[in-house]
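Going line by line, the protein sequences match chains A and B. Under this note's numbering, residues 10 to 201 are what the first sequence spells out, in order. Under this note's numbering, residues 45 to 301 are what the second sequence spells out, in order. Glycine residues also receive a C-beta, built at the ideal position from the N, C-alpha and C atoms. Below is one structure, written out as structure tokens; comments come after it.
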Amino acid sequence: MNKKSRYIFIMILGIIMNQGLSLFSDKFPVWLDTSGTALAALALEPAAGLLVGLVDNFLIAIFKNGSGSLLYYCVSASVAIIVGVIMRDREGRIRWQRIFAVIPLIIIVSTILSSVLTLWYSGGISTNKFELEYYYYFISMGLHPYISCALGIGVIKVYDTIVTAVIVALVYMLIPKTMKNVILKEEQKEGL
Amino acid sequence: MRFAIYKMVEKSAADDKKGKIYDYFICLVAFISIIPLMFKTHYPIFSYIETVSVYIIFADYVFRWITADYKLKKGRWSFVLYPITLFAIIDILSILPTMGLLGQGFMILRMFRIFKIFHYSKSLNYISNAILKEKNTLYSVLILALGYIFLSALIMFSYEPDTFNNFFGALYWATTALTTVGYGDIYPTTDVGRFISMISSLFGIAVIALPAGIITASFVDQIDMERKNAEEEGRAEDGKSEIDRIIEKRMEAEHDE
Numbered sequence: 010m011n012k013k014s015r016y017i018f019i020m021i022l023g024i025i026m027n028q029g030l031s032l033f034s035d036k037f038p039v040w041l042d043t044s045g046t047a048l049a050a051l052a053l054e055p056a057a058g059l060l061v062g063l064v065d066n067f068l069i070a071i072f073k074n075g076s077g078s079l080l081y082y083c084v085s086a087s088v089a090i091i092v093g094v095i096m097r098d099r100e101g102r103i104r105w106q107r108i109f110a111v112i113p114l115i116i117i118v119s120t121i122l123s124s125v126l127t128l129w130y131s132g133g134i135s136t137n138k139f140e141l142e143y144y145y146y147f148i149s150m151g152l153h154p155y156i157s158c159a160l161g162i163g164v165i166k167v168y169d170t171i172v173t174a175v176i177v178a179l180v181y182m183l184i185p186k187t188m189k190n191v192i193l194k195e196e197q198k199e200g201l
Numbered sequence: 045m046r047f048a049i050y051k052m053v054e055k056s057a058a059d060d061k062k063g064k065i066y067d068y069f070i071c072l073v074a075f076i077s078i079i080p081l082m083f084k085t086h087y088p089i090f091s092y093i094e095t096v097s098v099y100i101i102f103a104d105y106v107f108r109w110i111t112a113d114y115k116l117k118k119g120r121w122s123f124v125l126y127p128i129t130l131f132a133i134i135d136i137l138s139i140l141p142t143m144g145l146l147g148q149g150f151m152i153l154r155m156f157r158i159f160k161i162f163h164y165s166k167s168l169n170y171i172s173n174a175i176l177k178e179k180n181t182l183y184s185v186l187i188l189a190l191g192y193i194f195l196s197a198l199i200m201f202s203y204e205p206d207t208f209n210n211f212f213g214a215l216y217w218a219t220t221a222l223t224t225v226g227y228g229d230i231y232p233t234t235d236v237g238r239f240i241s242m243i244s245s246l247f248g249i250a251v252i253a254l255p256a257g258i259i260t261a262s263f264v265d266q267i268d269m270e271r272k273n274a275e276e277e278g279r280a281e282d283g284k285s286e287i288d289r290i291i292e293k294r295m296e297a298e299h300d301e
């Protein structure tokens, strides 16, 4: 399979994963809307993850939330950059042990970004019922609403990032080797 | 992939059809996105136009950002520096009102999208370069004009205090008189006032004509300079763009390896 087809396949798969798996966010305390973004960034490169995240965000804007959701793109963009840059070494090989650094980093960065955006848009009241449950739980403990918002979002991000990591790792292992950017450096030499 | 994106988003060469299509597409989107601003009534279709166009413009912004190292040639710092470049600031300012973070008063910032065309228009680039090149002279003319406006407003306000409600009214009159617009809503009633008005109109013709002449001369210089450079580098014959030269250099480097 040539490079173009491989990129198209993985990126479409990423968009489908983002859209499809995010449907579970109503039933389970996970978002899973960055799983395809992470897969594209891992299997191809960060730029591919950024594109998948952008298309996914565009679809959400068209069919659900309108152009106001554009700012939430920074969350999926951060996932694409973190996964794409940290998971591979300078030779372009994937270092799976780095997943233990990537998961906490994604949790922290995406929690900060999501919290700021939620506070900005709705004063800390999330649209996700699970985040909202945790928000009220922390409020009942006497914490400040802003801190409760960040903690509520953070708890769901912990679940979400761990489940996303498992799904991405499984899908990555399932897709054929010819579909992955196995030796990135050689391809860069070829002139992209 | 990033280099392919860079090749697409940058100003395309004469023979680059895909690049040309992208250039025209972005210009068209930028224009369509400001159409809703031309209507008083908000039709539902405008929301879709807004959403789609904002995403396309934002995608273009992201494309330029992730390929900033090719353009700015400052390594990883390019990604940090890109958001503070002029066009990047204009792009993000034109998108921000749609995100709902800014109030209704800032919606007018959407008109900045038309500046996307600046990315691709050679003539507009010449004009902006011409203005930048002559900025010191233009500053001098501006200071001269502002000084005259202030002085004539001060004199008029002293001689005819009843003609103006406040000093701002005098400044407004002085500006319209200097630019020879003369709306006629405020006018001098004394002989001294009319004399100042006459001088303002005559002086105004010179002051307004000066920047036009300076910019035109600089614009012509820019075109001449570009033509000379093209002849020296042999670009006039082969029609190759900066991107083509980068590709050629890369291929040569790979061949050497």
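- Phe-131 of chain B to Tyr-50 of chain B, Cα distance in whole Å? As a position in the second sequence, residue 131 of chain B is number 87, starting the count at 1. As a position in the second sequence, residue 50 of chain B is number 6, starting the count at 1. Straight-line measurement puts the Cα of Tyr-50 of chain B at about 16 Å from the Cα of Phe-131 of chain B.
- Message: My output table needs one value for Arg-120 of chain B: the three-state DSSP class, helix, strand or coil.
- Response: Against the second sequence, residue 120 of chain B aligns to sequence position 76. Three-state result, Arg-120 of chain B: coil.
- Item | Which of helix, strand or coil DSSP assigns to Ile-24 of chain A | Walking along the first sequence from the start, residue 24 of chain A turns up at place 15. Secondary structure at Ile-24 of chain A: helix, using DSSP grouped into helix, strand and coil.
- Task: Could you work out which residues of chain A lie near Ala-261 of chain B, taking near to mean beta carbons separated by less than 9 Å?
- Result: By 1-based counting over the second sequence, the position of residue 261 of chain B is 217. Chain A residues near Ala-261 of chain B: none, gap ~44 Å exceeds 9 Å.
- Message: Closer than 9 Å between beta carbons: that is the criterion. Which residues of the region 15-28 of chain A meet it against chain B?
- Response: Taking a C-beta cut-off of 9 Å against chain B, the contacting residues of the region 15-28 of chain A are Tyr-16, listed in chain order.
- Chain-ordered neighbours of Ser-91 of chain B on chain A, where CB pairs are closer than 9 Å: One-based indexing of the second sequence puts residue 91 of chain B at position 47. Those within 9 Å of Ser-91 of chain B in chain A are Gly-75, Ser-76.
- Message: Only counting the same chain, and skipping five residues up and downstream in sequence, which positions put a Cβ closer than 7 Å to that of Ile-199 of chain B?
- Response: As a working mapping, residue 199 of chain B is identified with position 155 in the second sequence. Answer for Ile-199 of chain B: Ile-240, listed in chain order.
- Query: With Phe-139 of chain A and Ile-165 of chain A assumed to form a contact (beta carbons below 8 Å), what rounded beta-carbon distance in angstroms separates them?
  - Reply: The count along the first sequence starts at 1 and reaches residue 139 of chain A at position 130. The count along the first sequence starts at 1 and reaches residue 165 of chain A at position 156. About 6 Å separates the two Cβ atoms, so the contact holds.
- When you compare only the Cα positions, how much space is there between Glu-54 of chain A and Leu-254 of chain B? By 1-based counting over the first sequence, the position of residue 54 of chain A is 45. By 1-based counting over the second sequence, the position of residue 254 of chain B is 210. Rounded to the nearest angstrom, the two C-alpha atoms are 54 Å apart.
- Message: Rounded to the nearest angstrom, what separates Ile-17 of chain A and Tyr-155 of chain A at their Cα positions?
- Response: Translated into the one-based positions of the first sequence, residue 17 of chain A becomes position 8. Translated into the one-based positions of the first sequence, residue 155 of chain A becomes position 146. Those two C-alpha atoms are separated by around 41 Å.
- Are Val-92 of chain A and Ala-50 of chain A close, meaning C-beta to C-beta below 7 Å? Taking the first residue of the first sequence as position 1, residue 92 of chain A is located at position 83. Taking the first residue of the first sequence as position 1, residue 50 of chain A is located at position 41. In contact: Val-92 of chain A and Ala-50 of chain A (Cβ atoms closer than 7 Å).
- Message: Considering only their Cβ atoms, is the gap separating Ser-31 of chain A from Leu-22 of chain A smaller than 7 Å?
- Response: Within the first sequence, the letter at position 13 stands for residue 22 of chain A. Within the first sequence, the letter at position 22 stands for residue 31 of chain A. Their beta carbons are not under 7 Å apart, which means Leu-22 of chain A does not touch Ser-31 of chain A by this criterion.
- Taking the alpha-carbon positions, what's the Arg-271 of chain B to Tyr-99 of chain B distance? Counted from its first residue, the second sequence places residue 271 of chain B at position 227. Counted from its first residue, the second sequence places residue 99 of chain B at position 55. Rounded to whole angstroms, Arg-271 of chain B to Tyr-99 of chain B spans 37 Å at the Cα level.
- To the nearest angstrom, report how far apart Glu-178 of chain B and Val-185 of chain B are at their CA atoms. Stepping through the second sequence from its first residue, residue 178 of chain B is reached at position 134. Stepping through the second sequence from its first residue, residue 185 of chain B is reached at position 141. Their Cα atoms are separated by approximately 11 Å.
- Task: Could you pull out every unbroken beta strand (DSSP E) segment of at least 3 residues lying fully inside the region 21-61 of chain A, listed in chain order?
- Result: Qualifying beta strand (DSSP E) stretches: none in this window.
- Message: Quick check: is the beta carbon of Leu-63 of chain A nearer than 7 Å to any beta carbon in chain B?
- Response: One-based indexing of the first sequence puts residue 63 of chain A at position 54. Output row for Leu-63 of chain A: interface = yes.
- Query: Where does Ile-108 of chain A fall in DSSP's three states?
  - Reply: Along the first sequence, one-based indexing puts residue 108 of chain A at 99. Here Ile-108 of chain A sits in helix by DSSP.
- Query: Residues of chain B with a CB under 8 Å from the CB of Leu-128 of chain A: which are they?
  - Reply: Residue 128 of chain A sits at position 119 when you count from the first residue of the first sequence. Those do not exist, as Leu-128 of chain A stays about 12 Å from chain B at its closest Cβ, beyond 8 Å.
- Please list, in chain order, all residues of the same chain as Gly-163 of chain A whose beta carbon is under 8 Å from its beta carbon, the five residues on each side excluded. Working through the first sequence from its first residue, we reach residue 163 of chain A at position 154. Excluding residues within five positions, the ones whose Cβ falls inside 8 Å are Ile-116, Thr-120, Ser-124.
- Distance, Cα to Cα, Ser-196 of chain B vs Phe-247 of chain B? On the second sequence, position 152 is the one that residue 196 of chain B refers to. On the second sequence, position 203 is the one that residue 247 of chain B refers to. One Cα belongs to Ser-196 of chain B, the other to Phe-247 of chain B, and the distance between them is close to 11 Å.
- Message: With three or more C-beta pairs closer than 8 Å as the rule, is the region 230-239 of chain B touching the region 200-211 of chain B?
- Response: yes
- Query: Whole alpha helix (DSSP H) runs in the region 171-258 of chain B with 4 or more residues, listed along the chain?
  - Reply: 179-203, 211-222
- By Cβ distance below 7 Å, which residues in the same chain neighbour Ser-87 of chain A in space, the five residues on each side in sequence not counted? One-based indexing of the first sequence puts residue 87 of chain A at position 78. Excluding sequence neighbours, Ser-87 of chain A sits near Val-118, Ser-119, Leu-122.
- Are the Cβ atoms of Val-6 of chain A and Thr-43 of chain A separated by less than 7 Å? Nothing can be reported for residue 6 of chain A: it is not among the residues displayed for chain A, which extend from 10 to 201.
- Item | CB contact flag (Thr-220 of chain B, Tyr-227 of chain B, <7 Å) | The count along the second sequence starts at 1 and reaches residue 220 of chain B at position 176. The count along the second sequence starts at 1 and reaches residue 227 of chain B at position 183. Yes, Cβ-Cβ distance for Thr-220 of chain B and Tyr-227 of chain B is below 7 Å.
- List, in order along the chain, the chain A residues whose C-beta lies closer than 8 Å to that of Phe-102 of chain B? As a first step, residue 102 of chain B is located in the second sequence; it is residue number 58 there, counting from the start. For Phe-102 of chain B, the residues of chain A that pass the 8 Å Cβ criterion are Leu-63, Leu-79, Tyr-82, in the order they occur in the chain.
- Assign Arg-97 of chain A to one of three DSSP states: helix, strand, or coil. In the first sequence, residue 97 of chain A corresponds to position 88, counting from 1. Note: Arg-97 of chain A maps to strand in three-state DSSP.
- Item | Local conformation of Ile-103 of chain A per DSSP, three classes | For the purposes of this step, residue 103 of chain A is taken as residue 94 along the first sequence, with counting starting at 1. Looking at Ile-103 of chain A - three-state DSSP - the assignment turns out to be strand.
- Nearest-angstrom Cβ-Cβ length linking Thr-95 of chain B and Gly-75 of chain A, presumed shorter than 8 Å: Counted from its first residue, the second sequence places residue 95 of chain B at position 51. Counted from its first residue, the first sequence places residue 75 of chain A at position 66. Indeed they touch by this definition, with Cβ atoms about 6 Å apart.
- Query: Counting along the chain, where does the alpha helix (DSSP H) carrying Gly-149 of chain A start and finish?
  - Reply: Counting from one through the first sequence, the residue named residue 149 of chain A turns up at place 140. Reading the sequence as shown, one finds Ser at residue 149 of chain A and not Gly. Segment 138-149, the alpha helix (DSSP H) holding Ser-149 of chain A.
- Between Leu-63 of chain A and Ala-112 of chain B, is the Cβ-Cβ spacing less than 7 Å? Taking the first sequence and counting its residues from 1, one reaches residue 63 of chain A at position 54. Taking the second sequence and counting its residues from 1, one reaches residue 112 of chain B at position 68. No; because the gap between Cβ atoms is not below 7 Å, this pair is not in contact.
- Kindly indicate the opening and closing residues of the alpha helix (DSSP H) around Ser-157 of chain A. Residue numbering aside, residue 157 of chain A sits at position 148 when the first sequence is read from its first letter. Its alpha helix (DSSP H) spans residues 154-183.
- Query: What is the DSSP secondary structure of Ser-262 of chain B, counted as helix, strand or coil?
  - Reply: Residue 262 of chain B sits at position 218 when you count from the first residue of the second sequence. Ser-262 of chain B: helix per DSSP, three-state reduction.
- Item | Residue span of the alpha helix (DSSP H) that contains Met-52 of chain B, given as start and end | What you label residue 52 of chain B is simply residue 8 of the second sequence in a count that begins at 1. Taken as a continuous stretch (DSSP letters only), the alpha helix (DSSP H) holding Met-52 of chain B covers 46-53.
- Is the number of C-beta pairs between the region 160-167 of chain B and the region 65-73 of chain B that are closer than 8 Å three or more? Flag = yes, the region 160-167 of chain B and the region 65-73 of chain B touch.
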